[in-house]
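Here my numbering is used: the first residue of the sequence shown is 194, the next is one more, and so on.
All C-beta atoms in this analysis are idealised placements derived from N, C-alpha and C, irrespective of residue type, glycine included.
A short write-up of the structure that comes next.
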Amino acid sequence: MPAQEPLAPGEQAYAAFVGSNFAVYRRKWRLDLATDGKAASTTAWNWPAFLFGAFWMLYRRMYAVAAMWIGALTVASILETLAGASDSVSLMITVAASVAAGSVGNHLYLRHAQRMIALAEARHPGDAAAQHAALAGLGGTRWSAVFVGMALYIVVIGALAFLLDP
């Protein structure tokens, strides 16, 4: 997307929320094809979501989604341990979770953006500048969330290893 190309009114809120990487998500969400400023599709693969899963979700400030994702993976890990699953079964579950994250990452991020846009519109009705300022604060990325998530992950894995060690 050329820098000088003006954004459609419906795209401005998404741009304020996503931040500097908006051009990528504009294409992935097919906002560039939408006439009403709403996403037409979210079928594109997301490599960062595939490679980093919940850490990508934390980076993109999808804290509730990341917590649910981590919770589901933790339950799966506990069940694997209790069932005495082989390493190959654990690997298949890990790969399946990564493929799932890569497949639905853009959809999850779009839905998160839409929820935050609706929240900003409800808090600042009729004031686009205030909405965009709120969205800039709610969106974007946050490396500190990734580091906190990594620290918590290490603590949880350590605790599970201690509790579930035969």
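ask   = For residue 316, which residues from the same chain have a beta carbon less than 7 Å from its beta carbon, with the 5 sequence-adjacent residues on both sides left out?
value = 327
query = Nearest to residue 339 by alpha carbon, out of 271, 263, 274 and 278?
reply = 263
ask   = Measuring CB to CB, does residue 269 end up less than 7 Å from residue 286?
value = yes
inquiry  = Using the Cβ count rule (16 or more neighbours within 10 Å means buried), how would you classify residue 220?
reply    = exposed
query = Any chance the stretch 244–260 sits against the stretch 285–303, with 3 or more Cβ pairs inside 8 Å?
reply = yes
key: Beta-carbon proximity check, residue 250 vs residue 259, cutoff 7 Å   = yes
ask   = Mind checking residue 197: buried by the 16 CB within 10 Å criterion, or exposed?
value = Any reading at residue 197 is ruled out, since the residue's pLDDT is 48, under 50, leaving its predicted position unreliable.
request  = Could you spell out where the alpha helix (DSSP H) holding residue 283 opens and where it closes?
outcome  = 280–316
key: Proximity to residue 208 [Cα-Cα], best of 239, 321, 277 and 279   = 321
inquiry  = Taking its Cβ as the centre, do 16 or more other Cβ atoms sit within 10 Å of residue 343, making it buried, or is it exposed?
reply    = exposed
request  = Kindly list the residues whose CB is nearer than 7 Å to the CB of residue 210, restricted to its own chain and excluding five residues on each side of it in sequence; keep chain order.
outcome  = 306, 309, 310, 328, 331 and 332
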